[in-house]
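**Q**
In the numbering used here, the protein residues as written are 381 to 461.
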């Protein structure tokens with residue numbers, strides 16, 4: 381676990397970059413979060429989790445998590461059993 385000091389975005393650049401992408405691509409600054417539904421949020425997170433990142437050796441966060449056994453299946457694929 382990594383703890384960053386308050387108001388120190390340079391200590392967590394990947395998180396700051398991801399927040400920037402969320403704002404740039406999906407939810408502009410000043411978005412009324414009471415109007416954002418679960419489906420919209422899951423769509424945005426799915427796109428970001430599948431985005432290839434240089435810091436992960438050009439793998440996606442989802443691929444890295446699956447490779448390390450953090451998750452066992454793609455959470456975006458619904459299982460109908």
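Glycine included, C-beta positions come from ideal geometry on N, C-alpha and C.
For clarity, every value in this text was computed on a predicted model and none was experimentally measured.
Using 10 angstroms around the beta-carbon of residue 441, count the other beta-carbons present and answer buried if the total reaches 16, otherwise exposed.
**A** buried
**Q** Going by DSSP, which residues form a beta bridge with residue 433?
**A** Bridge pairing for residue 433: 439 [DSSP].
**Q** At the 9 Å Cβ level, is residue 394 part of the contact set with chain C, yes or no?
**A** In the displayed structure, chain C is absent; only one protein chain is listed.
**Q** Check whether the stretch 405-416 and the stretch 424-438 touch, using three or more Cβ-Cβ pairs below 8 Å as the test.
**A** Between the stretch 405-416 and the stretch 424-438 there are three or more C-beta pairs closer than 8 Å, enough to call the two in contact.
**Q** Nearest CA to the CA of residue 431: which residue from 393, 453 and 444?
**A** 444
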